[in-house]
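Visitor:
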Ligand code: NAP
């Protein structure tokens, strides 16, 4: 597709950063969204530009509708109509049983992970759908193996948010399938990124890796490869489906 433009939410670190860089290598103009870590976002964009690619950075909290509207308006103006969205921004909080969780924490996780993804997809559909005069496109949502495993004792709130992402992926895929938009998801397993430190255990992947059939954690690049395949024409007949990138877990 000529003029490929991708929005990667949470593109400053981890899986999002690997996805932004791989997308640039595959010819996308890239919007690297981030919430607070400007230096990390600029480093991703600089690396893309140094390699001859096109990238912008846009600060914005996916938990805030006004930020999402501004994010997509900026992309319209600076890169042109979006053709690919990766709903990657996602959060979890400290490991806890449900009986130790506050309503504030639960709502914060659900709003960022679920509402944020729904609203970003809404803005992408408005621009991509042939029903709205668009040229079509593809969306990939970041689910998690937690949607299947449930996150007991650690973060059932986060796992529930990823279960919602699975249902949303299936439903939106059917809703816009005849309008030129494919919607799929990846379910990463234990991937080496900063997110585990957010949960209070930076070494979580190494603690759990022996229980993975492949006996190792995964890399952000391994997840990015699956995401870019689902965005590409190579997967042109796949929609509403999932790739578990989890070493068999
Ligand atoms: P990470 O290393 O913690 O990075 C999170 C990224 O999201 C950062 O770029 C961060 O921006 C951004 N972000 C956080 N909250 C945001 C918000 N409210 N608005 C906009 N951006 C926000 O995370 P990761 O491990 O790469 O995870 C990426 C996705 O994969 C998440 O959806 C996660 O649930 C999913 N996942 C990860 C794993 C794993 O093992 N790592 C497993 C399964 C699923 P700043 O740099 O500005 O903070």
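In full-length UniProt numbering, the protein residues as written are 1 to 249. C-beta atoms are modelled at their ideal positions from N, C-alpha and C, and glycine is treated no differently. Keep in mind it's a predicted model, so treat the numbers as computed, not measured.
(1) Please classify residue 174 as buried or exposed, where buried requires at least 16 neighbouring CB atoms within 10 angstroms.
(2) So, do the stretch 213–228 and the stretch 17–24 have three or more beta carbon pairs nearer to each other than 8 Å?
(3) Just to confirm before moving on: does the CB-CB distance between residue 141 and residue 112 stay below 9 Å?
(4) How about residue 71 and residue 80: are their beta carbons less than 9 Å apart?
(5) Given this structure, state the Cα-to-Cα distance separating residue 9 from residue 125, to the nearest angstrom.
(6) Name the residue from 39, 55, 37, 51 whose alpha carbon lies nearest to the alpha carbon of residue 45.
(7) Does the Cβ of residue 214 have 16 or more other Cβ atoms within 10 Å, making it buried, or fewer, making it exposed?
(8) Output the residue ranges of the beta strand (DSSP E) runs that lie fully inside the stretch 210–241 and measure 3 residues or longer, sorted by chain position.
(9) So, at 8 Å on beta carbons, what are the nonlocal neighbours of residue 25 in its own chain, with the 5 sequence-adjacent residues on each side left out?
(10) When you compare only the Cα positions, how much space is there between residue 5 and residue 180?
(11) Using only the heavy atoms of the ligand NAP, determine whether one of them is closer than 8 Å to the beta carbon of residue 89.
(12) Residue 190: beta carbon under 8 Å from a heavy atom of the ligand NAP?
(13) Bridge partners for residue 31 per DSSP, in chain order?
(14) What beta strand (DSSP E) runs, 3 residues minimum, are completely inside the stretch 69–113?
(15) Classify residue 94 as buried or exposed, calling it buried when 16 or more other Cβ atoms lie within 10 Å of its own Cβ.
(16) Check this for me: beta carbons of residue 162 and residue 187, under 9 Å apart or not?
(17) Between the Cα of residue 39 and those of 73, 57, 103, spot the shortest distance and give me the residue it belongs to.
(18) Spatial neighbours of residue 246 within its chain, please: C-beta separation below 6 Å, excluding the five flanking residues on both sides.
(19) Does DSSP put residue 118 in a helix, in a strand, or in coil?
(20) Helix, strand or coil: how does DSSP classify residue 44 here?
(21) With distances taken from CA atoms, which of 48, 177, 199 is nearest residue 97?
(22) Look up residue 62 in the DSSP assignment and say whether it is helix, strand or coil.
(23) Can you tell me the Cα-Cα spacing of residue 244 and residue 147, whole angstroms?
(24) Just to confirm, is the Cβ distance from residue 153 to residue 212 under 9 Å?
(25) Between which two residues does the alpha helix (DSSP H) containing residue 149 stretch?
Guide: Taking the definition as stated:
(1) For the purposes of this step, residue 174 is taken as residue 174 along the chain shown, with counting starting at 1. Exposed, since its Cβ has fewer than 16 Cβ neighbours within 10 Å.
(2) yes
(3) As a first step, residue 141 is located in the chain shown; it is residue number 141 there, counting from the start. As a first step, residue 112 is located in the chain shown; it is residue number 112 there, counting from the start. For residue 141 and residue 112, no; Cβs fall outside 9 Å.
(4) Looking up residue 71 in the chain shown gives position 71. Looking up residue 80 in the chain shown gives position 80. Not a contact, by the Cβ cut-off of 9 Å.
(5) Locating residue 9 in the chain shown gives position 9, counting from the first residue. Locating residue 125 in the chain shown gives position 125, counting from the first residue. Between residue 9 and residue 125, the C-alpha separation is close to 15 Å.
(6) Numbered from its first residue, the chain shown carries residue 45 at position 45. Nearest C-alpha to residue 45: 55.
(7) As a working mapping, residue 214 is identified with position 214 in the chain shown. Answer is exposed; the Cβ neighbour count stays below 16.
(8) none
(9) Sequence index remark: in the chain shown, residue 25 carries index 25 (1-based). Excluding residues within five positions, the ones whose Cβ falls inside 8 Å are 51, 53.
(10) The residue you call residue 5 lines up with position 5 of the chain shown. The residue you call residue 180 lines up with position 180 of the chain shown. Looking at the two C-alpha atoms, the distance is approximately 16 Å.
(11) The count along the chain shown starts at 1 and reaches residue 89 at position 89. Yes, the ligand NAP has a heavy atom inside 8 Å of this Cβ.
(12) Within the chain shown, the letter at position 190 stands for residue 190. Checking every heavy atom of the ligand NAP against the Cβ of residue 190, one is found closer than 8 Å.
(13) To locate residue 31, count along the chain shown from 1; it is residue 31. In the DSSP output, where bridge partners are listed per residue, residue 31 has 7, 56.
(14) 84–87
(15) Reading the chain shown from its first residue, position 94 is the one you call residue 94. Residue 94 is exposed by the Cβ-count criterion.
(16) Position 162 of the chain shown, counted from the first residue, corresponds to residue 162. Position 187 of the chain shown, counted from the first residue, corresponds to residue 187. Yes, the pair counts as a contact, with Cβ atoms nearer than the cut-off.
(17) Position 39 of the chain shown, counting from 1, holds the residue named residue 39. For residue 39, the nearest C-alpha among the options comes from 57.
(18) By 1-based counting over the chain shown, the position of residue 246 is 246. For residue 246, where only same-chain residues beyond five positions count, the Cβ hits under 6 Å are 145, 189.
(19) Within the chain shown, numbered from 1, the residue matching residue 118 stands at position 118. Helix at residue 118.
(20) Taking the first residue of the chain shown as 1, we reach residue 44 at position 44. In the structure shown, residue 44 sits in a helix (DSSP, three-state: H, G or I).
(21) By one-based count along the chain shown, residue 97 stands at place 97. Checking every option, the nearest Cα to that of residue 97 belongs to 199.
(22) As a working mapping, residue 62 is identified with position 62 in the chain shown. It is coil, neither helix nor strand.
(23) On the chain shown, residue 244 is found 244 positions in, with the first residue counted as 1. On the chain shown, residue 147 is found 147 positions in, with the first residue counted as 1. Cα to Cα, residue 244 sits roughly 11 Å from residue 147.
(24) Counted from its first residue, the chain shown places residue 153 at position 153. Counted from its first residue, the chain shown places residue 212 at position 212. No, the pair does not count as a contact, with Cβ atoms beyond the cut-off.
(25) Start at 1 with the first residue of the chain shown, and residue 149 comes out as number 149. Note, residue 149: alpha helix (DSSP H), 146–149.
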